[in-house]
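These notes concern the structure reproduced below.
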Amino acid sequence: MKRVVITGMGAVTPVGNNLEDFWKAIKSGKNGITAVTRFDTEGFPCKMAGEVKDFDATEYIDKKEARRMDRFTQFGIAAAKQAIADSGIDFDTVDLDRTGVIVGCGIGGMETLEDQHSALLNRGSSRVSPFFIPMMIPNILAGQIAILTGARGVNYVTVSACASGTNAVGEAFHAVRAGTLDIAFTGGAEAVVTPLAFAGFCSMKAMSTQTDPETASRPFDKNRDGFVMGEGSGILILEELEHAKARGAKIYAEVVGYGASDDAYHITAPAPDGTGGALAMQNAVDDAGIAAADVDYINAHGTSTHHNDLFETRAIKLALGDDAYNVKINSTKSMVGHLL
1 MKRVVITGMG
11 AVTPVGNNLE
21 DFWKAIKSGK
31 NGITAVTRFD
41 TEGFPCKMAG
51 EVKDFDATEY
61 IDKKEARRMD
71 RFTQFGIAAA
81 KQAIADSGID
91 FDTVDLDRTG
101 VIVGCGIGGM
111 ETLEDQHSAL
121 LNRGSSRVSP
131 FFIPMMIPNI
141 LAGQIAILTG
151 ARGVNYVTVS
161 ACASGTNAVG
171 EAFHAVRAGT
181 LDIAFTGGAE
191 AVVTPLAFAG
201 FCSMKAMSTQ
211 TDPETASRPF
221 DKNRDGFVMG
231 EGSGILILEE
241 LEHAKARGAK
251 IYAEVVGYGA
261 SDDAYHITAP
271 APDGTGGALA
281 MQNAVDDAGI
291 AAADVDYINA
301 HGTSTHHNDL
311 FETRAIKLAL
321 GDDAYNVKIN
331 STKSMVGHLL
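Residue numbers (my numbering): 1 to 340.
This is the structure in structure tokens:
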């Protein structure tokens with residue numbers, strides 16, 4: 001078993017379009033939630049979103065190529081380029097056959113889907129873009145990162161709703177730890193602040209109807225009334241420890257355990273007793289070879305919905321027992337919203 005470390009990071013978020021700005025904003029408690037600007041919310045019961053602001057794709061991507069990418073892919077490529085620069089990796093000197101891409105995306109090119117469906121209905125089939133399909137499919141992000149870097153190793157996208165990005169990190173961790181990859185791009189991207197996606201989540205009664213951005217997303221607060229949709233991307237570079245040390249890489253952290261499970265309960269609601277989430281946490285602790293008492297921080301899913309926050313709390317207590325009361329817990333969705 002190989003040891004796995006993080007050597008590069010990039011971020012495009014509602015509170016900052018690069019790693020430094022994002023981290024400063026998170027530490028200071030900056031709120032990136034505002035009234036929706038990407039479309040007219042007249043008639044929508046939900047008005048707030050965590051939108052990425054002042055993002056210029058052409059800072060990272062050729063203008064012509066950017067037009068052939070959905071917004072979620074643009075975010076992912078920008079974050080990947082940031083991670084490359086942060087890592088200091090020279091992709092002309094590494095084994096590209098042992099460099100892979102495993103990233104997460106729950107929905108994919110929703111904005112492209114809506115635009116092209118409108119073109120079909122209003123202007124006919126001949127006006128549907130030949131780039132429609134490759135712009136829309138979720139796995140295009142992994143493909144574009146591979147084209148960018150020349151990575152020829154394993155390449156796919158995990159699609160598991162809100163867990164997509166975390167599942168991607170876990171699978172990339174397993175690939176490097178097993179010795180099949182030296183380097184893996186991982187993380188996730190999403191951009192579905194669009195009328196159709198908003199309408200769907202509003203109809204599910206899942207999103208907050210607050211109109212004050214300061215109180216719309218408040219995980220674990222007794223007055224929470226739903227999640228606030230966000231968008232953005234976070235990309236990590238995972239690297240085998242000795243490979244990283246050999247090139248003198250900056251090492252942020254070591255990844256030591258990963259756990260995954262499912263509730264087998266309902267299409268949207270978590271299991272009320274928290275057993276599904278607890279199993280994933282217990283699996284991660286066991287995989288890492290540590291004890292529950294060794295866990296000192298949990299970045300909770302913390303969606304600001306009644307059922308998630310209640311049942312997730314039960315899951316943490318079930319997984320960690322009495323040690324749960326000594327762990328620091330918060331949810332960054334209070335500042336960036338739910339990036340799906």
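Yeah, the Cβ is synthetic: ideal placement off N, Cα and C, and Gly gets one too. On a predicted model such as this, the values are computed, not experimentally measured, just so you know.
| query | result |
| --- | --- |
| Can you tell me where the alpha helix (DSSP H) with Thr-7 in it begins and where it stops? | Premise fails: Thr-7 lies in the beta strand (DSSP E), 4-12, not in any alpha helix (DSSP H). |
| Leaving out the 5 sequence neighbours to the left and right, which residues in its chain are closer than 6 Å to Pro-195 when beta-carbon positions are compared? | Phe-39 |
| Report the option in Ala-189, Ile-183 and Arg-123 whose CA atom is closest to the CA atom of Gly-234. | Ala-189 |
| On a CA-only basis, which of Asp-262, Ala-284, Asn-283 and Glu-242 is nearest Gly-276? Give me that one, please. | Asp-262 |
| Does DSSP put His-301 in a helix, a strand or coil? | coil |
| Using alpha carbons as the reference points, say which of Lys-63, Val-285 and Gly-274 lies closest to Lys-255. | In the sequence as displayed, the identity of residue 255 is Val instead of Lys. Cα-wise, what sits closest to Val-255 is Val-285. |
| Would you mind working out which of Glu-20, Thr-180, Ala-260 and Met-110 sits nearest Gln-282, comparing C-alpha positions? | Ala-260 |
| Determine the contact status of Ala-191 and Glu-231, defining contact as a CB-CB distance below 8 Å. | yes |
| Just tell me which of Pro-134, Leu-19 and Ile-33 has its CA closest to the CA of Ser-208. | Ile-33 |
| Give every residue of the same chain whose Cβ lies closer than 6 Å to the Cβ of His-307, excluding the five residues on either side of it in the sequence, and list them in chain order. | Ala-269 |
| How about the segment 53-61 and the segment 70-84: do they share at least three Cβ pairs that are nearer than 8 Å? | yes |
| Distance, Cα to Cα, Met-110 vs Ser-118? | 12 Å |
| My output table needs one value for Asn-155: the three-state DSSP class, helix, strand or coil. | strand |
| For the candidate residues Ile-77, Ala-163 and Val-327, whose alpha-carbon lies nearest to that of Leu-141? | Ile-77 |
| Using alpha carbons as the reference points, say which of Val-12, Asp-95, Gly-43 and Gly-108 lies closest to Ser-160. | Gly-108 |
| When the Cα atoms are used, what is the spatial distance from Ile-145 to Ile-102? | 10 Å |
| Would you tell me roughly how many angstroms separate the C-alpha atoms of Tyr-265 and Phe-131, rounded to the nearest one? | 38 Å |
| Rounded to whole angstroms, what is the Cα-Cα separation between Val-128 and Glu-114? | 11 Å |
| Please list, in chain order, all residues of the same chain as Leu-279 whose beta carbon is under 6 Å from its beta carbon, the five residues on each side excluded. | Ser-261 |
| Are the Cβ atoms of Ser-217 and Ser-126 separated by less than 8 Å? | no |
| Using DSSP with H/G/I as helix, E/B as strand and the rest coil, what is Met-69? | coil |
| Assign Ile-145 to one of three DSSP states: helix, strand, or coil. | helix |
| What's the C-alpha gap between Asn-122 and Thr-112? | 15 Å |
| Please classify Thr-93: is it buried, with 16 or more other beta-carbons within 10 angstroms of its beta-carbon, or exposed? | exposed |
| Report the residue ranges of all beta strand (DSSP E) runs contained in full by the segment 85-123; include only those spanning at least 3 residues, in chain order. | 99-104 |
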